[in-house]
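Undergrad: Read top to bottom, the protein sequences are chains C and E.
Each residue of the first sequence is one higher than the one before, starting from 1 at the first, in the working numbering.
Each residue of the second sequence is one higher than the one before, starting from 1 at the first, in the working numbering.
For every residue, glycine included, the Cβ atom is placed at its ideal position computed from N, Cα and C.
Keep in mind the model is a prediction, meaning the values are calculated, not measured.
Here's a structure for you.
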Amino acid sequence: EDQVTQSPEALRLQEGESSSLNCSYTVSGLRGLFWYRQDPGKGPEFLFTLYSAGEEKEKERLKATLTKKESFLHITAPKPEDSATYLCAVFSGGYNKLIFGAGTRLAVHP
Amino acid sequence: NAGVTQTPKFQVLKTGQSMTLQCAQDMNHNSMYWYRQDPGMGLRLIYYSASEGTTDKGEVPNGYNVSRLNKREFSLRLESAAPSQTSVYFCASIAASGGGYTFGSGTRLTVV
Chain C
1 EDQVTQSPEA
11 LRLQEGESSS
21 LNCSYTVSGL
31 RGLFWYRQDP
41 GKGPEFLFTL
51 YSAGEEKEKE
61 RLKATLTKKE
71 SFLHITAPKP
81 EDSATYLCAV
91 FSGGYNKLIF
101 GAGTRLAVHP
Chain E
1 NAGVTQTPKF
11 QVLKTGQSMT
21 LQCAQDMNHN
31 SMYWYRQDPG
41 MGLRLIYYSA
51 SEGTTDKGEV
61 PNGYNVSRLN
71 KREFSLRLES
81 AAPSQTSVYF
91 CASIAASGGG
101 YTFGSGTRLT
111 VV
């Protein structure tokens, strides 16, 4: 059964304190791994898609990496505005269906 | 702005009442999806429509029905609401070429 597990559930950082979020996945034939950001009361916002092991993508202070079993979202020198829930998802089955992890709630304090 | 529009944003229902959640996208996307989000459980797929005229069950379809009215619109209906259906509901769409989902802003539903 396809599965996505994210850790930690919650993470508290001081402004400027770099860290990483983990997404472990089990899927029959990876066709895409996605990272989303979700702010309270809003829908998830697309960040990155990774397709193959070794691939990396960056956007401002965020960098996503992918191995054959997991993905990391590295946050470098975070700011309070990076506070959000970060969701990981993979395609599962046909018709572009995504299955999601439960997310990591990130709080960055000044 | 192009995107996915959901209505209503908030709704309170009594047990046994019915309602329809509306979703429309203006990006000419083929596939549309309904998810529910509950604390600690992430997003779970209720129903999806791979293309206009088709619908299929997802992971948690019981108690729901859907209609793909045309390419733009995909509605979710609760025929007899139950407290277990208290959740935040998100509609999403994706282009045929792939890439990421575009999500609506959600409907927060409370069943009392």
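#1: Taking residue 9 of chain C as the reference, give the member of C:84, C:95, C:92, C:96 with the closest Cα.
#2: Beta strand (DSSP E) containing residue 63 of chain C: first to last residue?
#3: If you drop the 5 nearest sequence neighbours on each side, which residues of the same chain put their C-beta closer than 6 Å to that of residue 76 of chain C?
#4: Please identify, using Cβ separations under 7 Å, the residues of the segment 10-25 of chain C that lie next to chain E, in order along the chain.
#5: Mapping the DSSP letters down to three states, classify residue 82 of chain C as helix, strand or coil.
#6: Within 9 Å (strictly less), CB to CB, does residue 94 of chain E reach chain B?
#7: Alpha carbon to alpha carbon, how far is residue 75 of chain E from residue 85 of chain E?
#8: Give the C-beta separation of residue 103 of chain E and residue 43 of chain C to the nearest angstrom, bearing in mind that I take them to be a contact with Cβ-Cβ under 8 Å.
#9: Taking Cβ-Cβ distances below 7 Å as the criterion, which residues of the segment 28-45 of chain E are in contact with chain C?
#10: At a CB distance below 8 Å, what residues from the segment 23-44 of chain C approach chain E? Give them in sequence order.
#11: For a contact meaning CB atoms closer than 8 Å, what does residue 97 of chain C contact in chain E?
#12: Is the beta carbon of residue 77 of chain E sitting closer than 9 Å to the one on residue 20 of chain E?
#13: Looking at C-beta atoms only, is the number of pairs between the segment 96-110 of chain C and the segment 42-57 of chain E that lie closer than 8 Å three or more?
#14: Could you work out which residues of chain C lie near residue 101 of chain E, taking near to mean beta carbons separated by less than 9 Å?
#15: Looking only at its own chain, which residues have a Cβ that is under 6 Å from the Cβ of residue 105 of chain C, when we skip the five neighbours before and after it?
TA: Taking the definition as stated:
#1: The residue with the shortest Cα to Cα distance from residue 9 of chain C is C:84.
#2: Where residue 63 of chain C is concerned, the enclosing beta strand (DSSP E) stretches over 62-66.
#3: For residue 76 of chain C, where only same-chain residues beyond five positions count, the Cβ hits under 6 Å are 18, 61.
#4: Taking 7 Å as the upper bound on Cβ-Cβ separation, chain E lies near no residue of the segment 10-25 of chain C.
#5: In this structure, residue 82 of chain C counts as helix in the three-state DSSP scheme.
#6: Included in the structure are the protein chains C and E, with no chain B among them.
#7: Taking the straight line from one Cα to the other gives about 16 Å.
#8: Yes, residue 103 of chain E and residue 43 of chain C are in contact; Cβ-Cβ is about 3 Å, under 8 Å.
#9: From the segment 28-45 of chain E, only 31, 40, 41, 42, 43, 45 have a Cβ closer than 7 Å to chain C.
#10: Flagged, chain order: 32, 34, 36, 41, 42, 43, 44.
#11: Result: 33, 45, 48, 58.
#12: Result yes, Cβ atoms of residue 77 of chain E and residue 20 of chain E sit closer than 9 Å.
#13: Yes, they touch.
#14: In chain order: 34, 36, 44, 46, 89, 96, 98.
#15: The answer, listed in chain order, is 10, 85.
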